[in-house]
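Here the sequence shown stands for residues 2 to 738, numbered as in my numbering.
In this text, a Cβ means the ideal position worked out from N, Cα and C, and glycines have one as well.
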Amino acid sequence: MALATAFGGAAQAQTSETPAAAADDASGGGQIQDIIVTAERREASVQRTPIAISAVGGEALRSKQIVDIESLSTQVPNVTFGRNNGTTKVFIRGIGLDAISQGQDSRVAIYTDGIISARSQAALLGFYDVERIEVLAGPQGTLYGRNATAGAINIITTDPGDRLDGYGTLTVGNYGLIRTEGAVGGPLSDTVSARLAFQTSDRNGYGENISTGQDVDDERTRGVRAKVKIEPSSSLKIILEADYYKLDDHSGSFHYLAQQPGFTPPSIIRGFVKPDNVRDVAGTDPRQKMESYGGSATVSLDLGGTQLTSLTGYRRFKQFLAAPLDGTTGGYVSTNQREWAKQFTQELRLARSIGPVDILLGAYYFHEKNFGGSDVQLSPALFGGPVTPMLQGALNAGTQVTNAYAAFSQVTVNITDRLGIDLGLRYSKEKRSLAEYSQFDIANVFNPAMLFIPNPALATFQSQKASWNSTDPKATIHYQFADTVFGYATYSQGFKSGGFNFGYLQTAFAPEKIKDYEVGLKADLFDRKLRANIAGFWYDYTNLQVTVVEGIRTVTRNAAGARIYGLEGQFTALPVDDLQLKLNLSWLHSEYTKYISPDPSLPGQGPITLPDGTQAFDLRGNQLAYSPKYKIDGEIGYTIHTGAGDFTPRANVIWVDRIYFSQFNHPFVSQPSRTEVNLFLDYNSGDSGWSGGLFVRNLTNKTYGVAATAASDFIGGQVVGQLGAPRTYGLSVTKRF
């Protein structure tokens, strides 16, 4: 049965405009407003910055119910969301984190107020009191460093202001949704101001466990953030920040989605059943717990023409995940995963302008200690024995220590008032060590005789070390064709560090490298009634890191190479007063250029025999995972002015082409093309500070996948995965003061 059948149905920003209007290209006096960003660590209009950037402001985040990366991905071209095994995944132009094992790094660098979050699943779950979110597409290696080969997402939270202000938001909806968000801030003295923000979210599950009656895919989160701004003089500014975020629910559920052709799961053979409703699960209850907290200090000092900036950050992260893997009432395969991490980062930057030349110099240090462990429990029912007790089939864990160092620079030469060049260079060095163990030898874990041995003390220990370095250049030429027409061409390189598969007792996988060739045009036309931003790009990847299923484990390997190229466009129009039109278009071609691998869903098959005797397939020409060829996002809104305030009905339609969830491009491990319709009715009372609205997301209640995995033949060859949200609707009310 195909998956199609199963689914059936750190770049801070500033602006002189209001945050919502600027970030969302909204109208002001009948014109599309300008946006001032510091994506290249200096202030510039987004229309004169030679990077493909998308920005969404805080008011738009609230009115469109954009509370996490899943909903954010609907607003940005060539961005795809995924969630698997408790890990939030985001892909920009077909590149992101496809691994689901501990200690793996995303190719999208996630920054909150300039501080990177190495464990990206914690940074992308809850947005609150956010001034703006910026998405930078393409390798950002020069200024953003390691693991930014796909791009960067910068979450800029609201700073304390010079007057008392704040807001409170209450959102209620179906599935018992109650979400609150609020903040209050202002001056404590002439030189000190502070701000405190919070968020809570509670929602019932989208499905249930038919074995226990427990809700699954529910939500329970809590978050709090405090910021203090100190300005003892006009030349010195210090911002101190601390935050805490907690999740404790039954999300991360693996759903039985489909069955690979030719396989019948052992549990079904023995009379166990799978849920009739694809949103339900069976077996043991899924559970996810996550904590993320930390602090940072940002110091800006004007040295008389030279700007010194220091960013210091410390973060801790903990996660526990329990999930059944077979998707049936048999509960014969389940997993528990634990991960914790603590990180310290320090960045120093010096910026100075000398005539037509802008110079930026920087140094960076990153340290992380990361523990990850998982066990896969196998029931004797797999081999004709009793359903219980569960046996520990495989236990693996490791502690990884990472130290990364970098020096970087970027020089902009304004040759004329219209013509300029940017030259950047970053040198990175990284060291990693791993102490790991595996409970069983992986070659014997599937032996039924061994599985029935009580307390098999057969752990194997291993320590590894590896180091890598990379020099990544960037060169850009840009030209102002007219006052509101800007073009650029860029060549850049990126570097994603190598790493280890925790507990798998193998040598490290190698770093991957990317070369990017990109051109772009940004234009405001017809007296700023139309904005058109277009970019074209070509990526060449070497040593691309890919995820493969081997037995009951998921590991990362290096593919030989990949090629990605495409076009994307962002268009905003204000054809008449009060009418707003938006259109995002993207076309993406991705393929492996050289990659040979066994296919776990077709064991013993393939025209190629590897040196160890394994049969394999040539995946050259296959589409990369999470890389839809086409994506279209359109929106229309019209503001109606009344004596009671302004009402703006909006309709948003998204069409996404087929998404493959693995490099093997099996239709039964993919999400067919789909259409999503979202409706909103915004209200703004004006000076009284009241606003709010109604929302309906996924109006047609389409069931669609955001991740899927084909299990090996050993546990039955079923396809399990995770689903996007069903139709949700509700009411949101905000009061500002």
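Assignment of beta strand (DSSP E) within the region 43 to 70, counting only whole runs of 3 or more residues, yields 53 to 58 in chain order. For the 9 angstroms CB-CB criterion, Y207 and A708 do not form a contact. Rounded to the nearest angstrom, the gap between the Cα atoms of S434 and P650 is 55 angstroms. In the structure shown, A283 adopts coil according to DSSP, grouped into three states. Between F255 and V721, the C-beta gap is smaller than 9 angstroms, which places the two residues in contact. Here DSSP, grouped into helix, strand and coil, assigns G142 to helix. With 16 or more other Cβ atoms from the protein chains shown falling within 10 Å of its own Cβ, H251 counts as buried. For H251, there is no enclosing beta strand (DSSP E), as DSSP marks it with neither H nor E. Take the alpha-carbon of V654 and the one of N679: they are about 6 angstroms apart. Going by DSSP, T573 is part of the beta strand (DSSP E) stretching over 562 to 574.
In the three-state scheme derived from DSSP, where H, G and I count as helix and E and B as strand, A123 is classed as helix. Collapsing the DSSP output to three states places S72 in a helix. According to DSSP, K230 shares a beta bridge with S194, I240. If the five residues before and after D578 are omitted, its C-beta is found closer than 7 angstroms to the C-beta atoms of G31, all from its own chain and listed in chain order. Boundaries of the beta strand (DSSP E) harbouring H642: 641 to 643, taken from the DSSP string. In chain order, F321, G374 place their CB closer than 6 angstroms to the CB of R339, counting only its own chain and leaving out the 5 sequence neighbours on each side. Excluding the 5 residues flanking it on each side, A652 has same chain C-beta neighbours closer than 6 angstroms at I637, L680, in chain order. If you check the CB distance, G224 and G127 come in under 9 angstroms. The closest CA to that of Q344, considering only N337, F372, A352, D359, is found on F372.
In the structure shown, F738 falls within a coil segment according to DSSP collapsed to helix, strand and coil.
Judged by DSSP in its simplified three-state form, F669 adopts helix. DSSP places T299 in the uninterrupted beta strand (DSSP E) bounded by 288 to 303. Straight-line measurement puts the Cα of E437 at about 14 angstroms from the Cα of A467. Taken through DSSP and simplified to helix, strand or coil, E41 comes out as coil. Taking a C-beta distance under 9 angstroms as the contact criterion, I515 and Y540 qualify as a contact pair. DSSP, read as helix, strand or coil, puts Y366 in strand. CA-CA distance, T643 to L732, rounds to 20 angstroms.
Of all alpha-carbon atoms in S74, G152, G104, I96, the one lying nearest the alpha-carbon of A110 is that of G152.
Going by C-alpha positions, K703 is about 21 angstroms away from N585. When N415, A407, R419, I67 are compared, the shortest CA-CA separation from K430 is found for A407. Apart from the 5 residues on each side of it in sequence, P599 sits with its Cβ closer than 7 angstroms to the Cβ of G607, T615, Q616, A617 in its chain, given in chain order. Short of 6 angstroms from the beta carbon of D647, and not among the five residues preceding or following it, lie these beta carbons of its own chain, in chain order: T640, N685. For T417, the secondary structure class from DSSP, reduced to helix, strand or coil, is coil.
Residue environment for A184: buried (at least 16 other C-beta atoms within 10 angstroms of its C-beta). In its chain, beyond the 5 residues on either side, K65, Q66, R698 have a beta carbon closer than 8 angstroms to the beta carbon of S72. Three or more Cβ pairs drawn from the region 129 to 142 and the region 48 to 59 lie within less than 8 angstroms of each other, which places the two stretches in contact.
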